[in-house]
Structures are given as C-alpha cells and as structure tokens.
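One structure is given below, encoded as structure tokens.
There are 4 protein chains.
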Amino acid sequence: MSDFTDIAIIGGTGYAGAELLRLAYGHPRLRVTRIVGQSRAGEPVARVLPSLTGLYEGDVVAFDAADVAGAATVAFTALPHGASAGVVAELRGLGMRVLDLSADFRLDDPEVYAEWYGEHLAPDLFGQAVYGLVELERERLRGAELIAIPGCYPTASILGLAPLVAEGLVGLDGLIIDAKSGATGAGRKPSLGTHLPEVGEGIRAYKAAGHHRHTPEIEMVLGGLAGSPLRVTFTPHLVPMSRGILATAYGMASVGATAEACTEAARELYRGSPSVVVLDPGAHPDTGWVRASNQAFVSYAKDTRTGRIVAQTAIDNLVKGTAGQALQCLNVAMGWDEGEGVSAPATWP
Amino acid sequence: MSDFTDIAIIGGTGYAGAELLRLAYGHPRLRVTRIVGQSRAGEPVARVLPSLTGLYEGDVVAFDAADVAGAATVAFTALPHGASAGVVAELRGLGMRVLDLSADFRLDDPEVYAEWYGEHLAPDLFGQAVYGLVELERERLRGAELIAIPGCYPTASILGLAPLVAEGLVGLDGLIIDAKSGATGAGRKPSLGTHLPEVGEGIRAYKAAGHHRHTPEIEMVLGGLAGSPLRVTFTPHLVPMSRGILATAYGMASVGATAEACTEAARELYRGSPSVVVLDPGAHPDTGWVRASNQAFVSYAKDTRTGRIVAQTAIDNLVKGTAGQALQCLNVAMGWDEGEGVSAPATWP
Amino acid sequence: MSDFTDIAIIGGTGYAGAELLRLAYGHPRLRVTRIVGQSRAGEPVARVLPSLTGLYEGDVVAFDAADVAGAATVAFTALPHGASAGVVAELRGLGMRVLDLSADFRLDDPEVYAEWYGEHLAPDLFGQAVYGLVELERERLRGAELIAIPGCYPTASILGLAPLVAEGLVGLDGLIIDAKSGATGAGRKPSLGTHLPEVGEGIRAYKAAGHHRHTPEIEMVLGGLAGSPLRVTFTPHLVPMSRGILATAYGMASVGATAEACTEAARELYRGSPSVVVLDPGAHPDTGWVRASNQAFVSYAKDTRTGRIVAQTAIDNLVKGTAGQALQCLNVAMGWDEGEGVSAPATWP
Amino acid sequence: MSDFTDIAIIGGTGYAGAELLRLAYGHPRLRVTRIVGQSRAGEPVARVLPSLTGLYEGDVVAFDAADVAGAATVAFTALPHGASAGVVAELRGLGMRVLDLSADFRLDDPEVYAEWYGEHLAPDLFGQAVYGLVELERERLRGAELIAIPGCYPTASILGLAPLVAEGLVGLDGLIIDAKSGATGAGRKPSLGTHLPEVGEGIRAYKAAGHHRHTPEIEMVLGGLAGSPLRVTFTPHLVPMSRGILATAYGMASVGATAEACTEAARELYRGSPSVVVLDPGAHPDTGWVRASNQAFVSYAKDTRTGRIVAQTAIDNLVKGTAGQALQCLNVAMGWDEGEGVSAPATWP
C-alpha cells in the first residue's frame with residue numbers, strides 16, 4: 085500500500101540527525117516515523133530543531149528498540165563512537181537494516197579499533213559492515229544490511245587521494261593531509277572550543293601529530309587501494325564557519341605523475357559517480373561550492389619545483405561527509421537511483 | 085511530448101539568477117533553456133557559477149529577445165532597476181510570461197516610481213503587473229502573465245506587519261522597521277561596502293532616515309491593507325553573513341492588541357500559506373532557521389510597559405525574498421502546487 | 085617608591101576581566117597584583133587566557149578579601165549580577181576603592197532593582213555608588229570610592245540619546261532602541277545560544293518587549309536627563325561577530341529638531357569628552373571602527389517623511405561598554421588624565 | 085626641541101598603511117607628518133580611514149618626494165611590488181631612512197626577483213637592504229638605513245621552521261607549508277575573491293603548487309640558515325576572517341628530533357626576542373591569540389607514527405606580518421627599545 089520505506093533516526097537531535105531529517109524530507113521514497121533523542125525526549129521536534137517547524141510533527145522520543153523496529157525497517161544511528169555499537173546490535177537483532185554514522189563499524193582490525201576507541205560493545209558484528217564510501221564500494225553496498233558510514237575527514241581525504249594511491253601516482257611514504265573543518269564537525273554540544281567569541285574570528289589546529297581518531301580509517305582505505313600498509317600525517321583545523329571540509333593533501337609525485345595525469349586518473353575512477361566533480365588542473369575547490377550538497381569537488385596540481393602533488397577536496401561535512409553519504413548508501417543498498425534525495429545543488433552563495 | 089515548461093533566466097549570473105538556477109534544478113516541471121548574462125556571455129556556466137558545475141551544461145549567452153522567446157515560454161528577468169523595464173516589454177511583446185525581479189513593475193503610482201527610480205522605460209506596461217506576494221495576492225496571480233516579484237526588504241517587512249495593519253492591531257502612525265540583511269542583498273558586484281575585511285566582523289546601517297528605495301513599496305502594500313496611506317521609518321543594516329533578512333518592526337498597540345491576538349491574526353491571514361510559519365508569542369525567529377528555504381518565520385511580542393508591538397520576521401533574502409518567491413508565483417500562475425520546487429527545508433545549521 | 089597603583093581584578097577570567105587585563109597592561113600607572121577567578125583558581129593565567137602568555141605571570145587565585153586588600157588598593161569586580169554586591173561590600177569594608185562592573189550598584193531605586201534582579205546582598209551600599217558614565221558624571225566621579233560601571237547596552241543607548249533627551253529634541257514617549265550586539269556580550273560560558281554552528285551565520289533577537297534587564301538602567305539615566313520619567317522599548321539582537329554594539333534609536337522629532345541640530349547638541353554635550361566622536365549628519369557608524377577602542381561613534385539622521393530622528397551609536401561592548409569605561413572612570417576618580425591607557429586607536433580592519 | 089622622530093607613510097590608505105598609523109599613534113617617539121596616498125589624495129584622513137577619526141587631522145596627500153623628505157626623516161613605503169622600488173630610490177636619494185613593505189628589496193638574487201616579479205626599477209639599490217626579520221637579523225638592523233620588511237607568509241613560515249632548519253632537526257627535502265590567511269592579506273582593493281557573500285563562509289586555497297611569490301623569499305631565508313639551498317611546497321588558503329595567518333609546516337624529523345628538542349631549539353633561538361612566544365609541545369596556537377599584536381606564537385609536535393615534525397605559527401598578518409614588524413625594525417635601527425609601540429597585548433576575544 086505504502087510506497088514509502090519507513091526510517092527511524094536514532095540520535096536525531098544532533099547535527100547528523102538534523103541533516104538526515106532535512107534530506108529525508110526531500111527523498112521521494114522515505115518517510116521518517118521515529119526521531120529518537122535521549123536528552124530531548126518528550127519535546128516537540130520543532131522546539132529542538134526550529135528549522136523543521138511545520139515539516140515534522142510530533143515529539144522526539146526515547147530509545148526503545150522494539151518500538152523502533154515496529155515503526156521502521158531502516159535505522160540510521162547517529163550516536164557517539166562507542167555508544168553506537170550496542171544499539172546497532174540490538175536493531176540488527178530485530179531485523180532492521182542499519183546505517184551507522186559512528187566509527188564503530190568502519191575499521192576492519194579489532195586491535196586498531198581498541199587502540200583508538202577502546203572496548204567494542206558488539207564484537208560479533210565487528211567486520212560485518214560494508215564501508216559506505218559509495219564511490220569505492222558501490223558493488224558491495226548493493227543489498228547491504230549493515231553499513232558503516234565513513235567519517236567526514238576520511239571522506240574528504242580519501243576521495244582526493246584514492247586515484248593517486250590506486251594508480252601509483254604518488255609515493256606511499258610521506259602523505260600529508262592538512263584538513264580544515266567548519267564547526268559543525270565538533271557536534272552540537274557547546275564548549276569553549278566552539279564558543280563564538282573564541283573561535284568565530286580565528287583559525288587553529290586542534291589535533292596534531294597523529295592523534296586524531298580518523299587517522300587509522302584513512303590509512304585502512306588508502307592502504308587497501310595501494311595494496312600495502314601506509315601511514316599518513318593528518319592535521320585537522322577549525323575554521324570560523326559552520327559547514328565544510330577542505331582537505332589539502334600532499335604526496336611525492338611518481339615518475340610521470342603530472343597534474344593532468346592525476347586529473348585523468350580521478351575522472352576515470354569517478355566515472356559514473358555523480359557525487360564527485362573533478363575540476364581541471366590548477367582549480368581550487370571552495371567549500372562554499374558544495375555547501376548543503378552531496379558533492380565532492382576535487383582537483384590536482386603539481387609543484388614542479390619540488391615534485392609534490394597537491395590534491396584538494398572540498399565537501400560539506402554534514403552531507404557528503406555524513407548524512408548525504410548515508411542516504412546515498414541507502415539508495416544503493418535498496419537498488420534505487422544513487423542520487424535520489426541527494427542531488428540538490430549547493431546553497432551558494 | 086515534453087512535460088517541462090521551458091524557462092529563460094535573464095541576468096542569470098548574479099545572485100538572484102544563480103538562486104533561480106539552484107531552485108529550478110529541483111523543480112519537477114521546469115527546464116532551463118537559456119541563461120543570459122551580458123558581462124559573462126560566452127563563458128561556461130560552470131566557470132561563472134562553480135557550484136553548478138555538472139548540473140548546467142553550456143554557456144552563458146548574450147541577450148537576444150527572439151532567441152529567448154524561441155527557446156522558452158517563461159522568462160525571469162533579474163536585472164537592475166531601470167534596466168529591466170525595456171527587456172520585459174520586449175519579451176512580453178513576444179508573448180512570453182515574465183516574472184520581473186526588479187522594482188520596475190512593483191509600484192502602482194508612476195509619480196512615486198519617478199521620484200525614487202527615475203524614468204520608466206516601458207510606461208505602457210506600468211501598472212499591468214500583479215504584485216507577487218503570494219500570501220496577499222494569490223487569487224490575482226492565477227494565470228498572471230506579468231508578475232512583479234517583491235523586494236526582499238518589503239517581503240520581510242510586509243509579512244510581519246500585514247496582519248497587524250489589516251486588522252487594526254497597531255496604529256498606522258509611527259511604524260518603524262529596523263531591518264538587518266546579509267551581504268548578498270548588495271548583489272555580486274564587489275565594492276568596499278562588501279569587502280570582507282571591512283564588513284566581515286562589524287555591523288552598520290547603510291541607509292537611514294527614509295532614503296532606501298524599498299520604502300515606498302512597503303508603504304504601498306501596507307497602506308492598501310490599511311485602507312489609507314501610511315508612512316514607515318525604515319532602516320536597513322548590513323550584517324556579517326551571506327544570506328538572510330531579519331525585520332524587527334515596531335508599532336503602537338491598539339486597544340486589545342495582545343501578542344496572542346497578533347499571533348492569532350497572523351495565523352488566520354496565513355492559513356493555507358505553506359511558506360509562512362507563525363511562531364508562538366515571544367519566540368524569536370532566526371535567519372539561520374530559514375537559510376536557503378522559501379519560508380518566512382514571523383512572531384509577535386508586546387512590550388506591556390510601553391504598549392509597543394514588536395513584529396519579527398526572518399526570511400532568506402535570496403529565496404522568499406527573491407528567487408523562491410518568483411518560483412512560488414510561477415507555480416500559482418500556472419496552476420501548479422504552490423510549493424513545487426520551493427519546499428525544501430532550510431540549510432541548518 | 086612605586087609609581088604604580090596596585091589593582092586586583094575579581095572575576096579575571098571572563099571577558100570583562102580579560103579586557104581589563106589587556107588594557108591595564110598598557111596603562112602607565114597601573115600594576116595588576118591579583119587575578120581572582122573562582123572556577124580556574126590555581127591555573128596559570130596563560131593557560132586560562134592564552135593571549136596574555138608572557139605578559140602576566142603567575143596563577144589565577146581564589147578569592148580572599150584580606151589577601152586582595154593587602155595586595156592592591158583598587159579592585160575591579162567583574163562578577164555576575166547579584167553575586168557582586170557581597171564581594172563589593174567586603175572589599176569596601178577593607179578600605180578598597182571598588183569599580184563594580186555588575187548591575188548591582190547602577191540603579192537608584194531599590195524596588196526597581198528587586199523587580200529586575202531580585203534580592204540585593206548589600207542593601208546598605210545601595211545608592212552609594214557613582215554611576216560611571218564619565219561623559220555625564222565626570223564631576224561626581226572625581227575621588228569616588230565606589231563606582232558602578234554602566235552596562236554595555238545602556239552605554240550605547242544613552243550616549244546616542246542623551247543629547248536629544250536633555251535638549252528636548254525628541255519626544256519622551258515612544259523611544260525605541262533596536263540594539264545589535266556581538267557574542268562576547270553573552271559572556272564566556274558556552275551555551276547553544278553562542279555555539280558557533282547555531283549562531284555564526286544568522287541574526288536573531290533574544291529578548292523582546294521589555295524583558296531585558298538593562299531597560300530600567302537606560303530609563304533611569306535618560307529620565308534623569310529629561311527631568312521626568314520615561315520608558316523605552318528595547319530589543320537586543322545577537323550578531324555573528326565577537327565584539328561590538330550598534331544601537332539604532334528612534335524618537336519623534338520635536339519642532340525644529342533637524343539632524344544638524346541633534347548633531348550640534350551632541351557636539352556641545354560631548355565637548356571635552358575624548359571618548360565620543362560625533363559624526364556628521366547622515367553618517368553611519370560601524371562597530372568595526374571602534375573595535376578594541378574606548379570610543380563611541382554617534383550620528384544623527386532625520387527621516388523627514390515621518391518626522392523621526394534616528395540616533396546611531398557604535399561602541400565596543402568590552403571596552404567603552406565595560407573594561408575601558410572602568411579604566412576611564414578610575415582615571416577620573418584618581419585625578420589622572422582621562423585617556424590614560426584607553427586611548428589606543430581601534431583595531432581596524 | 086622635539087623628542088619625536090617624524091615619519092611619513094607612503095601608501096597610507098591601504099591596510100598596511102592604516103596599521104602603521106594605528107601603531108605609530110601609540111609609539112612614544114614617533115610623529116606622523118605625512119600620509120601619502122595617490123588615489124585618495126585630497127580627502128581627509130578620517131573619511132578614508134574612519135577608525136582614525138579624531139586621531140589624525142588633515143588630508144591624505146599626493147606623493148612629492150621633496151615634500152616628504154622635508155617633513156620627515158623616516159619613510160615607510162607601503163606600495164605594490166614593483167612600484168615601490170622607484171619611490172624608495174628617490175627617498176633614499178634625499179637622505180631618508182626607508183622601511184619598505186613591498187617585496188622589492190627582500191630577495192638577494194636579482195635573477196630570482198626577475199623571475200617572480202619582473203623588472204626591478206632600482207637595480208642599484210638591489211641587495212642593499214637589510215632583511216627586517218628582527219629575530220634573525222637584529223645585529224645587522226642596528227643603524228640600517230634601508231630595510232626590507234618581510235612578507236606576512238614568510239614571517240609566519242620562517243619563524244616556525246627557522247630553529248628546525250638551523251639546528252638540523254628536520255630534513256631539508258620535502259618541507260611543506262600549508263598556510264591559512266585572513267582576507268586583509270589580499271589588500272584593500274575589492275574583488276570577487278574578497279566579496280563577503282562569496283568568501284565569508286567557506287575556505288579555499290588560492291595558489292597551489294609553487295606559484296605564490298612569497299615562496300622564493302621563504303627559501304632564501306631558510307636556505308641561508310641551513311647553509312644550503314632548499315625548496316618548499318607552499319600553499320596559501322583564504323580563511324573567512326579579517327586578520328591572521330596560521331602556518332602549519334611539515335618536515336621529516338631528523339634522528340633525535342623530538343617535539344621537546346624542537347621546542348628547546350626554538351626557545352634558545354628566540355631568547356631575548358620579546359615578539360616570539362614558544363608554546364609547550366602539543367599546544368596549538370590560534371590566530372585569535374595574536375590578533376592586533378606583534379607576537380608570533382609557535383609550537384612543535386611530532387607525529388611519532390610517521391616521523392613528521394609539525395611546526396605551527398600564528399601571527400597577525402598586518403602586525404608581525406607587516407606594520408608591527410616594520411616598527412620593530414625601526415626601533416632596532418634607531419637603537420630604541422625593540423618593543424616600543426608594538427607591545428600591546430592581542431585584542432582577544
């Protein structure tokens with residue numbers, strides 16, 4: 085009777101959840117039947133997320149696995165790392181298709197997970213998920229029941245470097261990723277580090293020297309493409325803006341690796357991938373050009389004086405970096421058009 | 085054969101034109117067949133408007149009325165005040181439906197136009213257009229062939245004050261509108277007044293004391309609702325952000341005019357108007373809640389100590405204030421659902 | 085032996101305290117001997133306020149009245165409203181000169197205080213302080229031992245309106261003050277209302293209709309100048325910037341009250357006041373022009389169509405609105421040059 | 085009779101000139117006697133630079149070398165690269181001490197200059213200037229009559245890397261500098277690239293792959309310290325803020341090069357340099373901490389997983405990166421205290 089697939093959003097009152105609600109509203113095949121949020125349970129959605137006033141009726145509800153499974157067939161879990169695994173296991177046990185936005189199912193090595201995140205609450209499921217970077221995993225995602233949505237930094241970092249690493253256009257030693265993120269990347273919980281007076285008119289790094297937990301995820305994927313382990317130096321910065329990630333990546337050019345060759349390799353890899361736009365050599369993607377869209381803009385340049393390739397990638401951290409990518413994965417998993425609900429142009433300017 | 089209505093955008097490389105392109109892309113009944121822009125003619129759309137890379141192929145073209153009329157049945161003219169009238173006349177003469185985003189056809193008194201804008205280049209058409217504020221003019225817009233899209237400041241100012249003026253809830257003397265706009269309102273032409281270092285971290289008024297040309301438009305509409313002429317004190321401010329207008333309007337409360345009564349009057353007036361959200365008394369609409377959406381959020385408060393009503397309205401100046409409103413008007417004129425292509429939720433946060 | 089006057093800053097780790105430290109560093113007669121901050125006691129100043137690294141050695145300390153009074157002769161109390169009165173009383177009891185940045189000693193009517201702030205913890209001192217708006221109270225401030233530093237909104241509001249009210253250039257009924265503030269005005273405590281993603285790219289009012297506690301302070305001072313009680317409609321807005329307040333005030337022009345007459349009245353009133361710059365009629369002061377300076381820029385315009393006077397005032401809320409004004413008061417109280425330590429030009433752009 | 089040294093500012097209406105005026109106002113030994121600006125000649129200083137209203141009287145004047153030399157003994161030339169050399173030569177010929185803020189006298193190799201900047205208009209003077217990075221050239225600056233003030237990017241880049249290169253703590257191959265600048269770095273001339281709507285809420289690189297003209301300056305200084313030529317990969321980004329540069333630099337750690345060793349080397353090199361603050365290992369300097377101050381904050385971290393050293397440097401591009409550094413140089417050249425007029429704490433927050 086219903087043409088809709090019913091979905092539940094667990095952790096619907098944070099930014100990832102809010103973005104899922106925004107995008108799902110425009111998705112012709114989806115209907116949101118539960119918005120779960122522990123700390124705001126019982127409040128009207130419109131009070132918690134005023135931009136959705138008039139679009140979503142009803143209240144945020146507390147988590148109840150049976151209720152969720154009764155109301156929806158697909159769950160998006162947007163919970164903190166560590167806390168997510170248990171909820172995912174419960175929902176999977178009730179037969180739901182689950183797209184998990186945490187890091188809990190992204191890695192393939194339990195020891196690496198333990199090192200960076202601590203104990204895993206659903207070890208049986210570890211390694212069962214498909215990694216949801218559609219451009220690299222499209223085939224494995226078809227029909228997938230458990231999908232680990234990549235992190236925002238890994239998405240930006242990998243999309244730019246993947247063609248280079250896969251095609252041997254850069255050396256695997258000495259890859260450096262200097263990333264710049266808007267403040268939504270820090271989540272919705274207020275702190276001095278996101279307090280407008282302190283961060284609204286300056287820039288700073290906030291983790292350096294290999295301490296950010298997205299590092300092993302980047303290494304896992306790029307290492308897989310390269311066919312051998314590799315390590316990257318990753319530095320995230322906080323930029324005074326709300327949305328967007330720009331990843332500026334550096335690698336030593338292999339023999340023959342011109343900017344044109346890198347561009348060509350990217351266009352080859354991303355042929356058939358509507359979410360990736362490969363700009364001409366020397367162009368500089370701007371996060372403003374992908375704001376609120378599911379697109380990634382990538383470009384390549386070569387510093388002929390030093391032999392370095394510079395790969396730049398701009399995404400919206402909440403869309404291609406989180407919620408849009410999740411819907412894109414669901415589209416593929418369900419056999420729908422990959423762009424359903426995630427094809428709107430960017431909000432520019 | 086084609087289910088699409090073909091449209092041309094004249095002045096497609098400024099912000100209003102770009103926003104029309106963004107929204108038209110998601111409108112299921114429209115197809116853009118010409119993007120006209122004099123100063124960038126011959127350049128690929130993607131170079132002029134990089135956020136549309138991959139979405140619109142082809143080049144910006146120079147204006148040629150016959151070519152436009154051959155390629156489309158509807159034209160949106162997004163040209164400077166004064167320059168628009170001649171183009172509109174030409175396109176109307178070729179039988180096109182025209183939605184004009186300039187001020188050239190908004191006013192109903194040619195002397196007022198002359199006083200604020202100078203000579204009118206199509207005096208025969210003056211007064212022929214329907215004023216495109218859908219919430220007030222829905223019936224007259226059905227089938228309309230020439231529509232004058234309201235200004236962004238008038239849209240914000242009128243939507244908040246209309247219920248009060250129409251229902252006699254405020255006195256007609258002494259209405260004050262203190263408006264705050266993002267920098268897109270100044271257009272795409274660079275100047276010191278929009279140069280990031282000079283305006284990116286401060287606020288200032290830029291016209292005071294009745295000198296802004298949107299003033300008579302506000303007075304015309306509100307005076308019409310009131311049934312007698314009125315004057316407003318209007319002060320626009322530039323806020324360090326890209327999009328959004330907040331209009332804070334003040335009027336002396338009539339007897340019995342509580343915040344609740346004002347709210348109720350607004351809900352009555354805007355019943356059946358999906359683009360207006362009337363918040364509960366005392367709420368404060370935020371331009372961030374309507375970013376990139378076609379919604380207007382309005383609220384009412386009463387200062388019981390001074391007897392003043394405070395009406396607040398937040399819109400996105402480029403959407404409900406310009407391009408979204410234009411599409412909404414076209415929907416009504418064509419007999420389509422009013423929300424087609426302009427119902428996407430706001431880009432928040 | 086020492087040419088310095090030793091000062092203590094109570095509440096030194098918030099923005100008002102930090103700004104006092106910044107300005108005191110450049111004041112040739114002051115030496116900071118205690119920085120008191122309850123929640124950060126025991127931490128190095130440089131960790132709590134990194135911009136002062138290398139300028140202030142030592143730790144933040146917990147409050148101990150005897151210790152403070154032993155180390156300094158002047159105390160600046162930058163504590164929350166309500167909490168300040170008790171500390172002020174204690175320090176006054178030990179003979180210190182106290183400049184209080186809270187609202188606890190600004191008002192002259194204990195019933196008004198009780199209505200807006202609640203119980204007062206030092207009722208014996210109530211009414212004993214000199215109100216520290218130097219431009220209006222310079223004479224009474226000489227030698228003053230207890231000074232109530234005005235609020236940031238009252239400073240901006242009063243400086244623009246004082247000449248008009250004092251000279252009868254506007255009617256006393258219907259004064260409206262539409263104020264726009266940077267986020268430092270909300271203090272250093274993180275909350276959703278100052279969380280960069282939610283407020284960094286939009287504008288909203290946050291109190292309307294006479295609910296802001298600075299309202300009675302404005303009315304007290306302006307009423308005093310007018311010689312009769314008056315009420316104002318005051319609406320504060322949050323602007324996406326760190327510092328600055330712009331107050332746009334509206335009043336009905338009296339007969340003969342041109343923009344020039346208002347400007348002249350202001351120049352007369354502020355003759356000999358180095359912190360106030362009266363711009364030519366029609367100019368629009370920008371908060372960017374007073375950033376980090378102790379200056380107030382004011383201007384006047386008249387809407388001849390409606391008979392309204394528009395008075396605009398721009399200040400830096402942390403300097404002329406708080407810490408700079410406090411040092412300016414101390415200069416006058418001590419008989420020093422009024423501009424000592426608070427004469428640096430604005431940080432522009 | 086006069087204790088003041090009279091100075092002239094050539095190019096006084098751009099941002100570098102305005103910043104010199106701001107700082108010179110607070111310098112106890114300087115008096116500005118001429119403000120030269122070709123395009124705004126004849127206008128009052130206060131109209132061109134409103135933040136200086138009431139501080140500088142008189143008009144901007146057109147350039148007249150004899151007039152300048154008659155009115156001042158020291159000239160600061162803040163003119164475009166290429167245009168500066170001729171003016172400098174003229175003023176030097178009249179016996180003035182000149183501090184040149186352009187790139188015209190920074191480089192030591194005329195062929196490199198020609199490659200990056202074109203023809204030099206005063207080849208006889210080329211190589212005669214002392215490079216004004218005080219921390220490295222303090223001795224040579226004493227008494228210097230012609231000083232080339234370093235670029236903003238080189239200042240930030242060099243201060244962080246100098247200790248590492250000088251002490252052999254990083255390899256000379258493969259140095260990467262990823263720099264992020266506020267928009268004042270682009271100057272005062274409006275363009276789309278600094279138009280608030282297009283750049284106010286996004287980040288992008290604007291030169292990549294060795295095309296920025298500050299590159300050879302960085303290489304010259306670091307190569308000099310290393311004792312052998314080296315090349316760097318330099319990428320500048322535009323950040324949505326007015327002031328500030330953050331340089332994140334990467335190099336391969338030499339044996340034994342811990343974060344602590346790097347920090348210690350920096351503290352050793354900058355002992356006696358009041359403008360450089362070396363933070364503890366792992367700290368992240370924020371451009372907000374040095375806003376409007378002449379300080380550079382540097383820190384070091386080591387990514388032990390990849391063997392990379394990450395050197396971070398934050399400066400205010402207009403102060404330590406331009407005008408403050410120029411005054412600091414003058415102080416040294418004249419034998420005054422190095423911190424005169426450039427010791428004010430940062431404007432934070």
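Chains as they are written, first to last, in this note's numbering: chain A, 85 to 433; chain B, 85 to 433; chain C, 85 to 433; chain D, 85 to 433.
We put the beta carbon where it would ideally sit given N, CA and C, even for glycine.
Residue i vs residue j beta-carbon contact at 8 angstroms
| i | j | result |
| --- | --- | --- |
| glycine 166 of chain A | tyrosine 140 of chain A | no |
| alanine 267 of chain B | leucine 185 of chain B | no |
| valine 249 of chain C | leucine 306 of chain C | yes |
| methionine 336 of chain C | glycine 423 of chain C | no |
| glycine 252 of chain D | valine 382 of chain D | no |
| phenylalanine 160 of chain A | isoleucine 93 of chain A | yes |
| histidine 279 of chain B | proline 164 of chain D | no |
| tyrosine 334 of chain A | threonine 397 of chain D | no |
| alanine 156 of chain D | alanine 206 of chain D | no |
| threonine 239 of chain B | isoleucine 393 of chain B | no |
| proline 112 of chain A | serine 326 of chain C | no |
| threonine 388 of chain D | aspartate 364 of chain D | no |
| valine 116 of chain B | leucine 133 of chain B | no |
CB-CB length for residue i against residue j, believed under 8 angstroms
| i | j | result |
| --- | --- | --- |
| alanine 385 of chain A | alanine 349 of chain A | No, alanine 385 of chain A and alanine 349 of chain A are not in contact; Cβ-Cβ is about 14 angstroms, not under 8 angstroms. |
| tryptophan 432 of chain B | glycine 366 of chain B | Not a contact, Cβ separation roughly 21 angstroms. |
| valine 158 of chain A | leucine 402 of chain A | Contact doesn't hold; Cβ gap of about 19 angstroms is too wide. |
| glycine 142 of chain A | valine 129 of chain A | 6 angstroms |
| leucine 107 of chain A | glycine 408 of chain A | 6 angstroms |
Beta-bridge pairing of residue i - partner residues as DSSP gives them
| i | result |
| --- | --- |
| tyrosine 201 of chain C | For tyrosine 201 of chain C, which the question treats as bridged, DSSP gives no partner whatsoever. |
| alanine 159 of chain A | A:Ala92, A:Val182 |
| alanine 331 of chain B | B:Ala263, B:Thr397 |
| isoleucine 231 of chain A | A:Leu183, A:Val214 |
| lysine 386 of chain D | D:Ile393 |
| proline 128 of chain B | B:Asp143 |
| arginine 288 of chain C | B:Asp370, C:Leu322 |
| alanine 380 of chain C | C:Val360 |
| alanine 337 of chain C | C:Val254 |
| isoleucine 119 of chain A | A:Ile93 |
| threonine 317 of chain D | D:Ile260 |
CA nearest to the CA of residue i, picked from the options
| i | options | result |
| --- | --- | --- |
| valine 145 of chain B | B:Pro164, B:Thr97, B:Ala108 | B:Thr97 |
| serine 377 of chain C | C:Tyr215, C:Gly110, C:Lys291 | C:Gly110 |
| proline 320 of chain B | C:Lys264, C:Ala155, C:Glu103 | C:Lys264 |
| serine 338 of chain A | A:Asp257, A:Leu309, A:Ala292 | A:Asp257 |
| alanine 213 of chain D | D:Asp193, D:Glu199, D:Glu203, D:Ala198 | D:Asp193 |
| proline 446 of chain C | A:Arg351, A:Leu314, A:Arg297, A:Val283 | There is simply no residue 446 of chain C to check, as chain C begins at 85 and stops at 433 in what is shown. |
Closer than 9 angstroms at the beta carbon, the chain F residues around residue i
| i | result |
| --- | --- |
| glutamine 409 of chain C | Judged by its chain identifiers, the structure shown contains no chain F, and its protein chains are A, B, C and D. |
With three or more beta-carbon pairs closer than 8 angstroms as the criterion, would you say the stretch 215-232 of chain A touches the stretch 407-424 of chain A? yes
With three or more C-beta pairs closer than 8 angstroms as the rule, is the stretch 230-239 of chain D touching the stretch 300-315 of chain D? yes
Given 8 angstroms as the limit, is there contact between the stretch 423-432 of chain A and the stretch 116-126 of chain A, that is, 3 or more CB pairs closer than that? no
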